[in-house]
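Numbering (the numbering used here), first residue to last: 356 to 710.
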């Protein structure tokens, strides 16, 4: 099978690529993106002839479709704003597709492409990272053990356990996505209906296993709420997603958002129109990286409250991911980057039949 990774030299690809190369039946892995030099460097670092650099711009639909026709499946590891056009290109090219989530609104737009995907005979898996992804799997597994589901609580946190440098600001994933999580209203399910609440509202203190401990989390916009109320069913009335970042990181990002430095609204700077969102994101991406990368433990928790045989039941599932010593990446990279590798292989080898 041949698998192309768009955004193939990004953070999450640091686990997607080695997992694919370590899996049987994988003939070729495409490291794809706009920057040819980065793609070549990433492919060379893999030290495997099956890793191939591919230069393609996901925003160039015609070029992307031509490239995709050379592959069996594409993993979209780019920024979530590109999900819809990338998925449309995959359907047009007639290949399978998966991504890491659409931050709710993009996921809803992608779901409207269902008929087109079926007509093309391809499978598209939306949000198959850690959360969304593993979190959804835990939820549907728990729901299968209950007769009725009243409430589903989705919680995410983590802690750095090695590496990094004091004072260095290191986003755990795309800072653009984090800005949106800190500024866009968050969907929650109440009384069986989706409603929206302000980002960073709903303060909740939770306790996770060591080394995370007691943390403070808040409502955040996430893709799970776009699909899980329907897929779980069973009368679920309440569902929400809360993430707990380290306090210093949370305050830094919240301050940038409050100051308008993450705004998507254009402003005029010496005669040039710019979006603070783009400028600040680019500046943060250009910050010096720590000599030793931050390695974290990542925890996803899913709690279901419901009934079984007339009795009230509470189920709790946790996915705990530690750093990968051989790959030298943190748990957050492992649990986000490996699931799409698995999904891509299952789709490409025919294990997944549903279109």
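All C-beta atoms in this analysis are idealised placements derived from N, C-alpha and C, irrespective of residue type, glycine included.
Assuming residue i contacts residue j under a Cβ cut-off of 8 Å, what Cβ separation, rounded to an integer in Å, is found between them?
{"i": "residue 649", "j": "residue 515", "result": "5 Å"}
{"i": "residue 694", "j": "residue 488", "result": "5 Å"}
{"i": "residue 485", "j": "residue 633", "result": "In fact, because the Cβ distance is near 27 Å, the residues do not count as touching under 8 Å."}
{"i": "residue 684", "j": "residue 370", "result": "6 Å"}
{"i": "residue 583", "j": "residue 491", "result": "6 Å"}
{"i": "residue 532", "j": "residue 435", "result": "6 Å"}
{"i": "residue 608", "j": "residue 621", "result": "Not quite, the Cβ-Cβ distance comes to about 21 Å (not below 8 Å), so this is no contact."}
{"i": "residue 469", "j": "residue 544", "result": "At roughly 22 Å, the Cβ-Cβ gap does not stay under 8 Å, so residue 469 and residue 544 are not in contact."}
{"i": "residue 356", "j": "residue 700", "result": "7 Å"}
Let me check understanding here. Comparing Cα to Cα, which of the options lies closest to residue i?
{"i": "residue 475", "options": "482, 444 and 485", "result": "444"}
{"i": "residue 404", "options": "703, 551, 373 and 530", "result": "373"}
{"i": "residue 550", "options": "528, 665 and 575", "result": "575"}
{"i": "residue 364", "options": "397, 473, 707 and 671", "result": "397"}
{"i": "residue 561", "options": "508, 582, 528 and 526", "result": "508"}
{"i": "residue 377", "options": "682, 709, 677 and 446", "result": "682"}
{"i": "residue 524", "options": "672, 641 and 448", "result": "641"}
{"i": "residue 412", "options": "589, 482, 399 and 440", "result": "440"}
{"i": "residue 570", "options": "588, 603, 538 and 581", "result": "603"}
{"i": "residue 426", "options": "532, 702 and 504", "result": "702"}
{"i": "residue 437", "options": "451, 462 and 448", "result": "462"}
{"i": "residue 493", "options": "528, 680 and 658", "result": "658"}
{"i": "residue 406", "options": "382, 420 and 419", "result": "382"}
{"i": "residue 563", "options": "655, 645 and 624", "result": "655"}
{"i": "residue 498", "options": "671, 421 and 423", "result": "671"}
{"i": "residue 711", "options": "528, 548, 527 and 556", "result": "Lying outside 356 to 710, the shown extent of the chain, residue 711 is not represented and no answer is given."}
{"i": "residue 643", "options": "415, 526, 390 and 392", "result": "526"}
{"i": "residue 667", "options": "679, 624, 548 and 500", "result": "500"}
{"i": "residue 423", "options": "565, 585 and 451", "result": "451"}
Taking the Cβ atom as the reference point for each residue, do residue i and residue j lie within a distance shorter than 7 Å?
{"i": "residue 305", "j": "residue 453", "result": "No statement about residue 305 is possible, as the shown extent of the chain runs from 356 to 710 and does not include it."}
{"i": "residue 408", "j": "residue 386", "result": "yes"}
{"i": "residue 653", "j": "residue 686", "result": "yes"}
{"i": "residue 446", "j": "residue 477", "result": "yes"}
{"i": "residue 358", "j": "residue 428", "result": "yes"}
{"i": "residue 367", "j": "residue 588", "result": "no"}
{"i": "residue 662", "j": "residue 546", "result": "no"}
{"i": "residue 601", "j": "residue 616", "result": "no"}
{"i": "residue 496", "j": "residue 592", "result": "no"}
{"i": "residue 578", "j": "residue 482", "result": "yes"}
{"i": "residue 379", "j": "residue 520", "result": "no"}
{"i": "residue 706", "j": "residue 375", "result": "no"}
I'd like the list of long-range same chain contacts for residue i, defined as Cβ closer than 6 Å, with 5 residues on each side in sequence excluded.
{"i": "residue 530", "result": "636 and 639"}
{"i": "residue 669", "result": "660"}
{"i": "residue 541", "result": "552, 554, 574, 575 and 576"}
{"i": "residue 647", "result": "518"}
{"i": "residue 433", "result": "361, 362 and 413"}
{"i": "residue 676", "result": "653, 686, 689 and 690"}
Just verifying my parser: in three-state terms, what is the DSSP assignment at residue i?
{"i": "residue 423", "result": "helix"}
{"i": "residue 679", "result": "strand"}
{"i": "residue 645", "result": "coil"}
{"i": "residue 671", "result": "strand"}
{"i": "residue 512", "result": "strand"}
{"i": "residue 592", "result": "coil"}
{"i": "residue 628", "result": "strand"}
{"i": "residue 666", "result": "strand"}
{"i": "residue 694", "result": "helix"}
{"i": "residue 447", "result": "helix"}
{"i": "residue 431", "result": "strand"}
{"i": "residue 552", "result": "strand"}
{"i": "residue 468", "result": "coil"}
{"i": "residue 481", "result": "coil"}
{"i": "residue 707", "result": "coil"}
{"i": "residue 687", "result": "helix"}
{"i": "residue 408", "result": "strand"}
{"i": "residue 395", "result": "helix"}
{"i": "residue 525", "result": "coil"}
{"i": "residue 580", "result": "helix"}
Within the same chain, show all residues whose beta-carbon is closer than 7 Å to that of residue i, passing over the 5 residues directly before and after it, in chain order.
{"i": "residue 572", "result": "510, 512, 559, 561, 597, 598 and 599"}
{"i": "residue 473", "result": "710"}
{"i": "residue 399", "result": "none"}
{"i": "residue 416", "result": "440 and 444"}
{"i": "residue 471", "result": "446"}
Does residue i get closer than 7 Å to chain C when you measure Cβ to Cβ?
{"i": "residue 529", "result": "No chain C appears in this structure, which consists of one protein chain only."}
Within its chain, find whatever has a CB closer than 8 Å to the CB of residue i; leave out the 5 residues flanking it on each side and keep chain order.
{"i": "residue 394", "result": "363, 364, 386, 387, 388, 408, 409 and 410"}
{"i": "residue 534", "result": "608, 611, 612, 617, 632, 635 and 636"}
{"i": "residue 466", "result": "481, 581 and 582"}
{"i": "residue 536", "result": "458, 554, 575, 576, 577 and 598"}
{"i": "residue 391", "result": "408 and 410"}
Looking at the ligand SAH, does it come within less than 6 Å of residue i, judged from the CB to the closest heavy atom?
{"i": "residue 436", "result": "As far as ligands go, the structure on display features none, and thus does not contain the ligand SAH."}
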